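Below is one structure, written out as structure tokens, with a few remarks after it.
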Amino acid sequence: MGKRHVPGVLLLHHQPIGPNASTISEHVRAFGRHSRFPIYEHNTELGFPPALADWEFDAIVMHYSLFGTSPYTLNQKHLEYINRASTYKVAYFQDEHRYCQKRFAFLNDHRVNCVFTLLEPTEWSKVYQKYTRVEKLIYTLTGYVSEELLSVSKRAHKPDSLRNIDIGYRARRLDFYMGAGGQEKHLIAEAFEHSSAARELVLDIDTKEERRLYGAQWVNFLANCRGALGVETGVSVFDLEDVVRPACERLLAENPAITFEEVSARVLKPWEGRVFYRTVGPRHFEAAALRVCQIMFEGKYSGVMQAGKHYLSLKKDFSNLDEVIRLFKDADVRRQISDAAHEDLIASRRFEYSALISDFDRVLEQAGLGVDSTQPDARVQRQLKEGYWPHRVRAELRGRVIRPTRARIRTMINQLAVLARIRATSG
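Given below as structure tokens:
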């Protein structure tokens, strides 16, 4: 018996049951919200749904959340399904600087047709066009403006005079193998913490992992800041041959106290800047939505943000630090910068998720897929989500989501019973 054709797109993604980065969830939901094609989501955290083996979709999309770790969050059945499928295959990637050879092999082995990449077109010949047989490459951004961001920014916004923090910042120190660009996140923080000119300001700056903020906590923190620090998202070392990271890890194992400068001299220098991999990021859109004046290292920011208009530009040698702080202290300057960023990044609507999905739909149409305006098949959607509630119960009991009260456990037991009845009646 042949496979049943399901008109539409299978979207494979990975999200643990429980709290997750909102940017991942927003990116995943954008397909169903904005695409003109029926979208069927499947979270690979739930395992391989038995019914999937009998279905063939018009296209398969592999979300970047599948590829953030090694091994990928696709089990053997998922991999076999993707490999056997003769449909159009699209992959979205982020953090493309690491596990490169594995990524290239995946694209070639599974005959992926199109990649949405954070690499600018000038860099394609050095990466995917050199190492893979991918037919189509599309430049994309790390994140876009979501409905959730627009809604929460309206609720959380405060006038400048009511904000208690002058400059706020949260970031983590990145590993040495990511190069000098990866070190910028904590270097900009250290510069302000040690600046005599900044001592007159109320600072809340931290680069420790345990001090990072997520969800509503992060939004409320940012909304209480007049200004925020920032750098371009990305790294300056692109590990094309998968040799830089192991070499750095060996040096650190031999001498945990080794400095970045020593590692750079011994391993990184030949790789610095060979592939440009810097971009505007979700933090920049969040600050713009909340009308926070951004102070950032000079950079390209994907051509989205202009120095002096959308942010106060800080030189990477900090030679203009005092001047930047002087400008920031002027409330009129802060207002001009934050208003311009809000107007061009948020109010213009140029960077909403609908723009991302418009590019996606266009790729499928160019590949010969006709738009099917029918609603997704509810039975197919239901069967793709089989296993959600057992995973939810296990997550509750492990304390990954929320403390499992008796009421919550009773609710989940009832939901499991309902799911069992649905499965029994649907065959």
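226 is the number that our numbering gives to position 226 of the sequence shown; each next residue is one higher, with no gaps.
Ideal Cβ positions, reconstructed from N, Cα and C, are used throughout, including at glycine.
Values in this document were obtained by computation on a predicted structure and should not be read as measured data.
Under 8 angstroms, do Thr87 and Asp58 count as touching if we go by C-beta distance?
yes
Bounding residues of the alpha helix (DSSP H) (the contiguous stretch that carries Ala340):
Ala331 to Ala341
Relative to the C-alpha of Ser236, which residue among Arg29, Phe106 and Tyr177 is closest?
Tyr177
Alpha carbon to alpha carbon, how far is Tyr144 from Ala265?
37 angstroms
Look at the alpha carbon of Tyr92 and the alpha carbon of Glu26, and state the distance between them as a whole number of angstroms.
14 angstroms
Quick one, are the C-beta atoms of Ser244 and Leu213 less than 8 angstroms apart?
Residue identity check: residue 244 is Val in the sequence provided, not Ser. No.
Please report the distance separating the alpha-carbon of Pro7 from that of Leu314.
51 angstroms
For the ligand ADP, is there any heavy atom lying closer than 7 angstroms to the beta carbon of Leu222?
Within the structure as shown, the ligand ADP is missing, as the structure has no ligands at all.
Whole angstroms is fine: what's the gap from His194's alpha carbon to Ala340's?
29 angstroms
Who are the Cβ neighbours of Ala247 in its own chain at under 6 angstroms, not counting the five residues just before and after it?
Val267
Check whether the region 99–114 and the region 66–74 are in contact - that is, three or more C-beta pairs closer than 8 angstroms.
yes
Does the region 367–375 come within contact of the region 320–328, defined as at least 3 CB pairs closer than 8 angstroms?
no
Quick one: using the 10 Å Cβ neighbour count with 16 as the cut-off for buried, is Ser146 buried or exposed?
buried
Go through its chain and collect everything with a Cβ distance to Leu10's Cβ below 6 angstroms, but skip five positions before and after it.
Tyr40, Phe57 and Ile60
Bridge partners - Gln15, DSSP secondary structure assignment:
Its beta-bridge partners do not exist; DSSP assigns none.
Can you tell me where the beta strand (DSSP E) holding Asn43 begins and where it ends?
Ile39 to Asn43
Can you tell me where the beta strand (DSSP E) with Lys89 in it begins and where it stops?
Tyr88 to Tyr92
Closest Cα partner of Lys89 within the set Arg350, Leu229 and Lys136:
Lys136
Taking Gln366 as the reference, which of Tyr99, Cys114 and Gly47 has the closest Cα?
Cys114
Does chain D have any CB closer than 8 angstroms to the CB of Cys293?
As a matter of chain content, chain D is missing from the structure shown, which is built from one protein chain.
Note down the Cα distance separating Thr233 from Arg349, rounded to an integer number of angstroms.
21 angstroms
When the Cα of Glu96 is compared with those of Phe116, Arg111 and Tyr81, which residue comes out closest?
Phe116
Pick from Asn220, Gln129, Leu141 and Cys100: whose alpha carbon is nearest that of Val152?
Asn220
Which residues in the same chain as Asp204 place their Cβ atom closer than 8 angstroms to its Cβ, once the five residues preceding and following it in sequence are excluded?
Ile165, Ile167, Gly168, Tyr169, Phe221 and Cys225
Burial state of Ala228 (16 or more Cβ within 10 Å):
buried
Since I believe Glu120 is in contact with Phe328 (beta carbons under 8 angstroms), could you give me their beta-carbon distance rounded to a whole number of angstroms?
Actually they do not touch by this definition, with Cβ atoms about 30 angstroms apart.
How is Ile402 classed by DSSP in three states: helix, strand or coil?
At Ile402, the pLDDT of 48 sits below 50, so the modelled position is not reliable; the number obtained from the coordinates is stated separately. Coil, per DSSP.
Cβ of Arg291 within 8 angstroms of Cβ of Ser338?
yes
Does DSSP put Tyr433 in a helix, in a strand, or in coil?
Residue 433 falls outside the range modelled here, since the chain spans only 1 to 427, and no answer is possible.
Quick one: using the 10 Å Cβ neighbour count with 16 as the cut-off for buried, is Val371 buried or exposed?
exposed
Go through the region 87–164 residue by residue and report every complete run of the beta strand (DSSP E) that reaches 3 residues or more, in order.
88–92, 114–117 and 136–139
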